[in-house]
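Counting from 1, position 35 in the sequence shown corresponds to residue 35 in the numbering used here; the numbering is continuous, with no gaps. Even for Gly, the Cβ is constructed at its ideal location relative to N, Cα and C.
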Amino acid sequence: MKDEQSLQVPLESRGDAVYVGTIYLGAPKTQPVRVVFDTGSEYLAITSSLCDDKMAGNYKFKVYDSAHNDFIDKSVPDRCTSKAYDMHQSSSSKILSRSSSKLTYGSANLQGFIWEDEACLNPVAEGNKTNTLAEQKEAKCSPFQFLALYKAEGLEENTDGILGLSPHKNDEKRKLHYLWALKDQGIISRAMVSFSIVSSDMDDSPYALFGGINST
1 MKDEQSLQVP LESRGDAVYV GTIYLGAPKT QPVRVVFDTG SEYLAITSSL
51 CDDKMAGNYK FKVYDSAHND FIDKSVPDRC TSKAYDMHQS SSSKILSRSS
101 SKLTYGSANL QGFIWEDEAC LNPVAEGNKT NTLAEQKEAK CSPFQFLALY
151 KAEGLEENTD GILGLSPHKN DEKRKLHYLW ALKDQGIISR AMVSFSIVSS
201 DMDDSPYALF GGINST
């Protein structure tokens, strides 16, 4: 297939081993999130405004002090290094589970709740207040389920999460896979992604191409 620019996501190489790109969440204004493109995991997990919510995950922010016979504030370190996704700023967000979920990604420990929102390969035009179906299609948007994190320890530096691109082995869970979500919305014809990978000493830039392979 001929490469379509709107289906390409530029990537940043981290030591020719980790590749980071930006996708966009929410409506009508899309929110940029920088994620590790990972072919060894299956889920999208994003740091969110829940990191500031002291009730999220039933964390105990007070401890009992026997000397004062009372509960005192507990010093709690920042649970996330970023808060990329704010579900309260999106008109299309909805929570799908009130139960907390946990993921382990290498040395990273992630905890959050499953949400659904528009996930786009491209940003919707700045200043847009409607986000029509035509604009969503142009931005390559698809409603998608992901983990909105309230705790993220050990993520890659200067990233907001992970985009897992490893196919689900269980067909019943394919709605949790971004490639299948794009295909089901008619954005791509094949549930696949290819990578144009170059080393840091080459005069070119890496990118991911959704729905096909590099034609050159």
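Annotation: the stretch 128-195 contains the following complete segments of the beta strand (DSSP E) (minimum length 3 residues), in chain order: 141-153 and 161-164.
Residue 88 and residue 201 have their alpha carbons spaced roughly 42 Å apart. Taking the Cα positions, residue 142 is about 9 Å away from residue 186.
Annotation: residue 163 to residue 38 spans about 6 Å, alpha carbon to alpha carbon. With contacts defined by Cβ atoms closer than 7 Å, residue 194 and residue 207 do not form a contacting pair. Collapsing the DSSP output to three states places residue 117 in a strand. Within 10 angstroms of the beta-carbon of residue 52 lie fewer than 16 other beta-carbons, which makes it exposed. Closest in C-alpha terms to residue 148, from the list 137, 165, 102 and 125, comes 102. In the DSSP assignment, residue 208 falls within the beta strand (DSSP E) that extends over 207-210. Under the 10 Å beta carbon count, residue 82 is surrounded by 16 or more other beta carbons and is classified as buried. Membership of residue 96 in any beta strand (DSSP E) is not indicated, and neither H nor E is assigned to it by DSSP. In the displayed model, residue 66 falls within coil according to three-state DSSP, outside both helix and strand. Cβ neighbours of residue 124 within its own chain (closer than 6 Å, five residues either side excluded): 30, 131, 135 and 139. Residue burial annotation: residue 172 is exposed, with fewer than 16 other C-beta atoms found within 10 angstroms of its C-beta. For the 7 Å CB-CB criterion, residue 161 and residue 189 do not form a contact. In the DSSP assignment, residue 14 falls within the beta strand (DSSP E) that extends over 12-14. Closest by C-alpha distance to residue 100, out of 92, 50, 108 and 113, is 113. In this structure, 9 is the residue among 90, 13, 14 and 9 with its C-alpha nearest to the C-alpha of residue 23. Between residue 116 and residue 94, the C-beta spacing is below 7 Å.
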